[in-house]
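*Asks:* Residue numbers (the UniProt record's numbering): 1 to 225. This is the structure I have questions about; it appears just below.
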C-alpha cells in the first residue's frame with residue numbers, strides 16, 4: 001500500500017471520529033415559528049417602551065429638581081439682599097439715634113451753660129446794685145445810734161459799726177477772711193493742658209457758688225416778702 005493510500009485512510013478515520021463526537025444539533029424551541037418570533041418582538045418592543053418611559057420620567061424628575069434648586073438659590077439670594085438692606089437700615093437708624101442723642105446732650109449742655117450765665121449775670125447785677133446802695137449810704141454820711149452806757153461811754157451798734165467802716169477796712173477784712181478760706185493753688189509744673197483743666201474746674205466752682213448764692217438770695221427775698 002502506498003503512502004497516499006495510508007494518508008487518505010487516516011483522514012477518513014478522523015472525519016468519522018469527529019462526526020461521532022459531535023451530537024446532532026436540534027433546532028431551538030419555536031425557532032422558525034412565526035408566532036414565537038412575533039411574541040419575542042413584542043417583548044422587546046414592550047421593554048423598549050418601558051425603558052423610554054423610565055428615561056422620560058427620570059428626565060422630568062431631574063428637571064423638576066433642577067427647577068426647585070434654582071428657585072431655592074434665587075430665594076436665598078433675595079433673602080441675602082433683604083438681610084443686607086435691613087442691616088443697612090438698622091445701621092442708619094443706629095447712626096441717626098446716636099447723632100440725636102449727642103445733639104440732645106449738647107443742647108442740654110448749652111442750655112445749662114446759658115442758664116448758669118444768666119444766673120451769673122443776675123448775681124452780678126445784684127452785687128452791683130448792693131455796692132451802689134452801699135456807696136449811696138456812704139455819701140449820706142455815717143448812720144449810727146448813740147447808746148448811753150452805765151459808765152456814760154458812747155457805743156455803736158454792730159450794724160452801725162459795720163456801715164461806718166471805711167473802704168480800706170472792709171478790703172482788709174475781706175483779704176483776711178479769704179486768706180483763711182482760700183487755699184493757695186498748687187499749679188507748679190502744670191503744662192498747658194493741666195492749666196486749662198484747672199481753669200475749667202475753677203470756673204465751674206465759681207458758677208456753682210454764684211448759682212447757690214443767687215438761689216439763697218432769691219429764697220431770702222421770698223421769705224422777706
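No residue lacks a Cβ here, since even glycine has one placed at the ideal position from N, Cα and C. Here the structure is a predicted model, which is why all the values come from computation and not from measurement.
1) Since residue 187 and residue 198 should fall inside the 8 Å C-beta cutoff, what is the C-beta to C-beta distance between them, to a whole number of angstroms?
2) Per DSSP, what kind of secondary structure is residue 113 in: helix, strand or coil?
3) Around the C-beta of residue 63, are 16 or more other C-beta atoms found within 10 angstroms, so that it is buried, or is it exposed?
4) Whole angstroms is fine: what's the gap from residue 144's alpha carbon to residue 224's?
5) Apply the 10 Å Cβ neighbour rule to residue 54 and answer buried if 16 or more other Cβ atoms are within range, or exposed otherwise.
6) Count the other CB atoms, across all protein chains shown, that sit within 10 Å of the CB of residue 123; report buried if there are 16 or more and exposed otherwise.
7) Alpha helix (DSSP H) containing residue 212: first to last residue?
8) Looking at the structure shown, is residue 73 part of a helix, part of a strand, or coil, going by DSSP?
9) How many Å lie between residue 174 and residue 165 at the Cα?
*Replies:* Answer, in terms of the structure:
1) 6 Å
2) helix
3) exposed
4) Confidence at residue 144 is low in this model, with a pLDDT of 46, below 50, so the placement of that residue should be treated as unreliable; the coordinate-derived value is given next. Rounded to the nearest angstrom, the two C-alpha atoms are 24 Å apart.
5) exposed
6) buried
7) 192-224
8) helix
9) 12 Å
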